[in-house]
Amino acid sequence: MLASRHNHIKSLILMIWMVLLSAFTVVLGSVPMRVLLKANGRAAFILTQSLIILGCWVIGWKPVAMTLMALSIMTFVFGEMEERRKNFFLSASAATLSGLAAIGGIFFAWSQKIGNSWQTVLNEKMDAFLSQLESSGVTLKEGITAHELLVQVPSVVVIALALALFFSLIMEERSLRWMGKFKNKTWNLVFFKAPDSFIWVFIFSMAGSFLELNIEVIKGISLNTFNVSLIVFFFQGIAVIYFYFKKYRVGLFGRLLAILFVFGQPLGMLVVSLLGVVDYWAEFRTRSSAPKKKLSGF
Numbered sequence: 000m001l002a003s004r005h006n007h008i009k010s011l012i013l014m015i016w017m018v019l020l021s022a023f024t025v026v027l028g029s030v031p032m033r034v035l036l037k038a039n040g041r042a043a044f045i046l047t048q049s050l051i052i053l054g055c056w057v058i059g060w061k062p063v064a065m066t067l068m069a070l071s072i073m074t075f076v077f078g079e080m081e082e083r084r085k086n087f088f089l090s091a092s093a094a095t096l097s098g099l100a101a102i103g104g105i106f107f108a109w110s111q112k113i114g115n116s117w118q119t120v121l122n123e124k125m126d127a128f129l130s131q132l133e134s135s136g137v138t139l140k141e142g143i144t145a146h147e148l149l150v151q152v153p154s155v156v157v158i159a160l161a162l163a164l165f166f167s168l169i170m171e172e173r174s175l176r177w178m179g180k181f182k183n184k185t186w187n188l189v190f191f192k193a194p195d196s197f198i199w200v201f202i203f204s205m206a207g208s209f210l211e212l213n214i215e216v217i218k219g220i221s222l223n224t225f226n227v228s229l230i231v232f233f234f235q236g237i238a239v240i241y242f243y244f245k246k247y248r249v250g251l252f253g254r255l256l257a258i259l260f261v262f263g264q265p266l267g268m269l270v271v272s273l274l275g276v277v278d279y280w281a282e283f284r285t286r287s288s289a290p291k292k293k294l295s296g297f
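Note that numbering that gives the first Met the number 0 numbers the sequence shown so that position 183 is 182, with each residue one more than the last.
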């Protein structure tokens, strides 16, 4: 009885953290969300998430409600595919795209309700965002237009969702141990590797992004695909770094320095993405070899 009460209290704490983290960071709201799903089961997760999302919408926190809905759908889809032992890359892709579809659907319905097309709403939001950047002293690269930024919105959303999933996975063990619900991992970051065919997606999308093309549709698809392929290889680069952390038993201080470099420097994430691309040919972990395991995802 006492243990059950403690679990309810911990679940309530996680729900509060979920709302706050979703409101202030967006991507970190997925961390307590995944723990709630794994600790309490799908039925309780669906019920509580629905009530929380509805509550946020009713009190006027519509952006938070939309964020929570997208993260909830992504977390649930990934959990279902994970339970069925599906390929990690397939599971993560399906989960991320389901979150993107949720955001797109909500945004489209909202734009129809207020009587404007979704293009008009997006243009207004982007103009306001650029004005805010300009007033705060931030300057964008010369020649970049609001339209070019708008074209890349889908990939920005996918990247945010992918990062949310990434953080929820790397932080779940400690959180589940706190809940007293940890059993065993179904994934291992050390062994993540993008499908071999993905290198061609990266190469062709990069060519389409930087070549002077007059076909806007191809240019837009190329830019979005290139952005997404960069984040995929970023995760592969992180896996390589983590492999060597474990191999050479790098301590907490060294890991913190690496995190500061990756997320604290303007080019940090790009460097890690390039490491992931190079790993396609160099196969650092296979060459360093212990443990000997096929690199095909988590």
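Cβ atoms here follow ideal geometry from the backbone N, Cα and C, with glycine treated the same way.
Excluding the 5 residues preceding and the 5 following Val26 in the sequence, name in chain order all residues of the same chain whose CB lies nearer than 7 Å to its CB.
Answer for Val26: Ala159, Leu162, Ala163, Phe166, listed in chain order.
Can you list, in chain order, the residues of its chain whose CB lies under 8 Å from that of Phe300, leaving out five sequence neighbours each side?
Given that the chain is displayed from residue 0 to residue 297, the structure contains no residue 300 and the question cannot be resolved.
Where do the ends of the alpha helix (DSSP H) carrying Gly104 lie?
First-last of the alpha helix (DSSP H) with Gly104: 87 to 112.
Give me the Cα-Cα distance between Gln235 and Trp109, rounded to the nearest whole angstrom.
So the alpha carbons of these two residues sit roughly 37 Å apart.
Under 8 Å, do Leu70 and Ser29 count as touching if we go by C-beta distance?
In contact: Leu70 and Ser29 (Cβ atoms closer than 8 Å).
Below 8 Å CB to CB, which residues in the same chain sit around Met14 once its five sequence neighbours on both sides are set aside?
Closer than 8 Å at the Cβ level, and outside the excluded window around Met14, lie Pro31, Leu35, Thr47, Ile51.
Along the chain, where does the alpha helix (DSSP H) containing Leu162 start, and where does it finish?
Where Leu162 is concerned, the enclosing alpha helix (DSSP H) stretches over 152 to 169.
Under three-state DSSP, which class holds Leu149?
Three-state result, Leu149: helix.
Can you name, in chain order, every residue of its own chain whose Cβ lies under 7 Å from the Cβ of Val189, other than the five neighbours on each side?
Excluding sequence neighbours, Val189 sits near Ala238, Tyr241, Phe242, Lys245.
Output yes if chain C places a C-beta closer than 8 Å to the C-beta of Ser196; else output no.
This model lacks chain C altogether; it includes just one protein chain.
Are Leu99 and Val157 close, meaning C-beta to C-beta below 8 Å?
Yes, these two residues count as a Cβ contact at 8 Å.
In the structure shown, what three-state DSSP assignment does Arg284 receive?
Helix.
Rounded to a whole number of angstroms, what is the C-alpha to C-alpha distance between Ala93 and Lys218?
Rounded to the nearest angstrom, the two C-alpha atoms are 24 Å apart.
If you check the beta carbons only, do Val200 and Ser228 fall under 8 Å apart?
Yes, Cβ-Cβ distance for Val200 and Ser228 is below 8 Å.
With Arg254 as the anchor, note down where its alpha helix (DSSP H) starts and where it stops.
It spans 251 to 263 - the alpha helix (DSSP H) in which Arg254 sits, taken as one unbroken run.
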